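Structure record follows, encoded as structure tokens.
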Amino acid sequence: MTEKLFYRETGAVEFTARVTGCDAVKEGYAVTLDRTLFYPEGGGQPGDTGRLGDAVVLDTREQGEEVAHITDRPLPVGETVQGEIDWARRFSMMQQHTGEHIVSGIVHRLFGLDNVGFHIGRDAVRVDFSGPLTDEQLREVERRANEAVFANLPVRCDYPDGAALAALDYRSKKELTGAVRIVSVPGVDVCACCGLHVSATGSVGPIKIVSSQHYKGGVRILLLCGARAMADYAEKTGSVTAISNLLSAKPGEVALAVRRVCDENAALRQKLSALQNQWMELKAASLPEGERNLCLLEEGLLPDALRRFCLLLTGRCTGVAAILSEREPGQFQFALGSAARDVRPLCRELTARFSGRGGGSAELAQGTLAGAWKEIEAFIIDLE
Ligand SMILES: [Zn+2]
Numbered sequence: 086m087t088e089k090l091f092y093r094e095t096g097a098v099e100f101t102a103r104v105t106g107c108d109a110v111k112e113g114y115a116v117t118l119d120r121t122l123f124y125p126e127g128g129g130q131p132g133d134t135g136r137l138g139d140a141v142v143l144d145t146r147e148q149g150e151e152v153a154h155i156t157d158r159p160l161p162v163g164e165t166v167q168g169e170i171d172w173a174r175r176f177s178m179m180q181q182h183t184g185e186h187i188v189s190g191i192v193h194r195l196f197g198l199d200n201v202g203f204h205i206g207r208d209a210v211r212v213d214f215s216g217p218l219t220d221e222q223l224r225e226v227e228r229r230a231n232e233a234v235f236a237n238l239p240v241r242c243d244y245p246d247g248a249a250l251a252a253l254d255y256r257s258k259k260e261l262t263g264a265v266r267i268v269s270v271p272g273v274d275v276c277a278c279c280g281l282h283v284s285a286t287g288s289v290g291p292i293k294i295v296s297s298q299h300y301k302g303g304v305r306i307l308l309l310c311g312a313r314a315m316a317d318y319a320e321k322t323g324s325v326t327a328i329s330n331l332l333s334a335k336p337g338e339v340a341l342a343v344r345r346v347c348d349e350n351a352a353l354r355q356k357l358s359a360l361q362n363q364w365m366e367l368k369a370a371s372l373p374e375g376e377r378n379l380c381l382l383e384e385g386l387l388p389d390a391l392r393r394f395c396l397l398l399t400g401r402c403t404g405v406a407a408i409l410s411e412r413e414p415g416q417f418q419f420a421l422g423s424a425a426r427d428v429r430p431l432c433r434e435l436t437a438r439f440s441g442r443g444g445g446s447a448e449l450a451q452g453t454l455a456g457a458w459k460e461i462e463a464f465i466i467d468l469e
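Numbering-wise (the numbering used here), the sequence shown opens with residue 86 and increments by one.
Written out as structure tokens, the structure is:
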């Protein structure tokens with residue numbers, strides 16, 4: 086049975102231990118020690134990483150009564166090794182975990198909801214609550230959570246005896262037996278938990294709820310604590326500053342400014358579409374009537390404009406009408422239509438001949454082609 090130093094020495098980074106086992110596993114080797122600072126995955130908290138002698142510890146897991154260190158190389162059984170956990174990562178895990186307690190405790194106290202799922206991910210902490218929470222309620226939770234951080238409250242871990250435990254009102258995901266580890270933050274949370282936490286709430290740093298969504302009748306939130314919250318703030322400040330400079334808007338008014346640009350864009354698209362329609366009608370009217378096949382190349386027409394133009398052109402010829410627009414040199418988008426015949430077989434023939442793709446209805450097909458414009462034009466004009 087591995088002695089779990091991580092519960093006793095939560096701030097320790099280095100330790101020495103004796104290798105008690107080493108087995109080849111899928112990801113490398115599972116090394117067991119007589120004692121360890123490496124926290125194994127559990128209670129929503131990922132396993133620690135770091136080094137054992139020359140070996141890299143990729144992950145840590147529980148293996149019955151033992152703690153298995155997943156390493157990239159084997160270690161000799163019986164040898165004493167120096168271990169070092171990746172402290173920056175572990176400290177972040179402790180921050181995220183404690184932040185999750187603070188938020189879950191506040192949600193429980195204010196709104197009576199339970200934390201029904203929790204995971205510390207690579208980028209954010211995901212927490213699922215048993216009922217819905219409005220944006221306003223979540224803002225209140227976030228405000229109180231940060232107040233708890235500013236108050237630098239102690240985070241205690243105790244193993245209360247049977248009677249004391251029975252009298253205690255604490256959050257727990259499952260019925261627990263044996264010694265129960267109770268993690269408490271005065272006035273904020275009391276919870277049964279096997280994970281690792283910082284010793285005072287001030288060490289959690291800023292707590293930020295970055296998103297929420299409906300999830301299984303409740304709500305799923307994403308949470309960032311400490312350096313993660315600061316990195317997110319820096320990234321978002323960067324985005325807002327860039328948008329603010331682009332649109333010459335005050336940082337606090339960028340959403341309004343973007344809304345204005347979107348509205349202007351929609352109005353311009355509508356105007357462009359109307360002008361395009363007029364231009365297409367004039368262009369179609371200028372073409373000689375009664376030709377068998379028509380094939381035109383026009384710059385910058387999007388698929389919808391190609392379709393509208395092609396329908397106009399089918400009225401000017403007795404056979405098929407095609408309109409193409411060059412996207413990149415030798416790469417075309419096309420619309421092919423006819424009022425007199427089914428264009429689907431012609432579309433297949435055309436795309437087979439010019440390495441393209443396409444499809445549509447009997448009256449109109451659209452797609453892409455690759456090749457030389459002159460050859461495509463000759464192919465369409467010569468269609469029987
Ligand atoms: Zn915990």
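Idealized CB from N, CA, C, for every residue including glycine.
The structure displayed is predicted, hence computed values, not measured ones.
In terms of Cα proximity to F196, the closest of D139, T117, E221 and H204 is E221.
For L449, the closest of L435, A420 and K459 by C-alpha to C-alpha distance is A420. As for any alpha helix (DSSP H) of minimum length 4 sitting wholly inside the region 219-299, the runs are 220-235 and 247-252, ordered along the chain. Fully enclosed beta strand (DSSP E) runs of no fewer than 3 residues occupy 405-413, 416-423, 442-445 and 449-455 of the region 391-460, in order along the chain.
Restricting attention to G272, G290, A285 and A264, the CA atom closest to the CA of C278 is found in A264. Of R175, I191 and G311, the smallest CA-CA separation from V270 is found for I191. For R194, the uninterrupted alpha helix (DSSP H) segment begins and ends at W172 to F196.
Every residue whose Cβ sits closer than 6 angstroms to any heavy atom of ligand 1 is listed here in chain order: G128, H182, H186, V268, C278, G280 and H282.
At a Cβ-Cβ threshold of 8 angstroms, Y114 and P161 do not count as neighbours. Straight through space, the alpha carbons of D254 and H186 are spaced by roughly 15 angstroms.
For N378, the three-state secondary structure derived from DSSP is coil. Counting along the chain, the unbroken beta strand (DSSP E) around R211 starts and ends at V210 to F214.
Distance between T101 and E147, taken at the CA atoms: about 19 angstroms. By the Cβ criterion, the region 366-373 is not in contact with the region 331-345, since fewer than three pairs of Cβ atoms, one from each stretch, lie closer than 8 angstroms. About 7 angstroms separates the Cβ atoms of A236 and T286, confirming a contact at the 8 angstroms cut-off. Secondary structure note for V304: its beta strand (DSSP E) is the uninterrupted segment G303 to C310. Between L382 and E411, the C-beta spacing is below 8 angstroms. In this structure the region 239-247 does not lie against the region 125-144, because fewer than three pairs of beta carbons, one per stretch, are closer than 8 angstroms. Taking the Cα positions, S296 is about 12 angstroms away from T219. With a cutoff of 8 angstroms on beta-carbon distance, H299 and P388 are scored as not near each other.
If you draw a 10 Å sphere on the C-beta of L353, you find fewer than 16 other C-beta atoms in it, and that means exposed. Here T121 is buried. Its C-beta has 16 or more other C-beta atoms within 10 Å. T322 is classed as exposed because its beta carbon has fewer than 16 other beta carbons within 10 Å across all chains shown.
Remark: C-beta atoms of G129 and S215 do not approach each other more closely than 8 angstroms.
In the assembly as shown, P291 is a buried residue. Its beta-carbon has 16 or more other beta-carbons within 10 Å. Residue pairing of K89 in beta bridges, as defined by DSSP: T121. E169 is bridged by DSSP to E99 and R136.
Contact between Q167 and E99 holds, with the beta-carbon distance rounding to 7 angstroms and staying under 8 angstroms.
For G113, the secondary structure class from DSSP, reduced to helix, strand or coil, is strand. Taken through DSSP and simplified to helix, strand or coil, G206 comes out as coil.
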